[in-house]
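A.B. asks:
2 protein chains.
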Amino acid sequence: MTSRETNPNFMNGVPELLILRLLNEKEMYGYELVQAIRERTDAVVAVGEGVVYPVLHGLESDGALKSRRKTVNGRSRIYYSVTARGSRRLADLSETWTNLAGAIHRMLMGGQSAEAV
Amino acid sequence: MTSRETNPNFMNGVPELLILRLLNEKEMYGYELVQAIRERTDAVVAVGEGVVYPVLHGLESDGALKSRRKTVNGRSRIYYSVTARGSRRLADLSETWTNLAGAIHRMLMGGQSAEAV
DNA sequence: CCACCATACCTTGTAATTCGATGTATTGCA
DNA sequence: TGCAATACATCGAATTACAAGGTATGGTGG
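Protein chains in written order, with the numbering used here: chain A, 1137 to 1253; chain B, 1137 to 1253.
1. Going along the chain, which unbroken runs of the beta strand (DSSP E) with 3 or more residues stay wholly within the stretch 1163-1241 of chain B?
2. With a threshold of 7 Å on Cβ separation, who are the neighbours of Arg1204(B) within its own chain once the five nearest residues in sequence on each side are excluded?
3. Specify the secondary structure class of Glu1161(A) as computed by DSSP and reduced to three states.
4. Taking the Cβ atom as the reference point for each residue, do Gly1238(A) and Arg1221(A) lie within a distance shorter than 8 Å?
5. Given a cut-off of 8 Å on the beta-carbon distance, is the pair Arg1157(B) and Met1243(A) in contact?
6. For Asp1228(B) and Trp1233(A), I'd like the C-alpha separation in whole angstroms.
7. Check whether the Cβ atoms of Leu1154(A) and Leu1201(A) sit closer than 8 Å, and answer yes or no.
8. For Ile1240(B), return the contacting residues in chain A, with the cut-off set at a CB-CB distance below 8 Å.
9. Taking C-beta to C-beta, are Gly1166(B) and Leu1195(B) nearer than 8 Å?
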């Protein structure tokens, strides 16, 4: 059980997904991610620092992210970016999410009649 | 803390949502729900009895569901159907889910460019 | 008649997440 | 000087979902 071998909660991992998605575009630091997620989702998703930092640490120790320190305006920041492994993880989570959202959407919209293929 | 007053996990409650959705069409019993969810989602969502029964009990004690016993072929079943309160809950959860899925979808699809309003 | 599988209900322990609160330290501004 | 924003971090509590197991009945095949 290095990490996520067992069947995880099929719902969770959304913060992880969003973080990977953002970092896949450009390197960012934790505090920035917290605000970016809030802004980009119009506050529909609002994860706190208590969520973001542990996820970042977990992803890094899994080799999905790499980090580098950088001091800007006397502010010490830790910038994260995705590795090849992180890219794969992002693709995986992305697909899983899309399938899940699709299935649920179909159930919510679709009537009780048998679906046409 | 009657039940869900605090800010819950923004992700959870999908089993609850699906169960309410199915029961809103016609009354069903637990065992039937387990199979219906599996079939209707092509096994993308596969909740077990250990998930369904506690949710049913919780919803009933919250007044969102009502139940009646019925014996069919010597099989004793407990059929559940949604109350007015359950209908409201379904509408709420439905909207919350739609917002959430929409926000995430936008993040997954949308590029880094500033979104046009 | 017995064994077995499907039906039908239920509970318990465990694992994984997420959340809120809190703590530290620095910078800039009033 | 004091306060807000920045930037990192961790802890405890709560919620949830899951797997596994437990009970009981009915039908079917040997």
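For glycine and all other residues, C-beta sits at the position ideal for the given N, C-alpha and C.
C.D. replies: Considering the structure as presented:
1. 1201-1208, 1211-1218
2. Tyr1215
3. coil
4. no
5. yes
6. 21 Å
7. no
8. Val1150, Leu1153, Leu1154, Thr1177, Val1181, Trp1233, Ala1237
9. no
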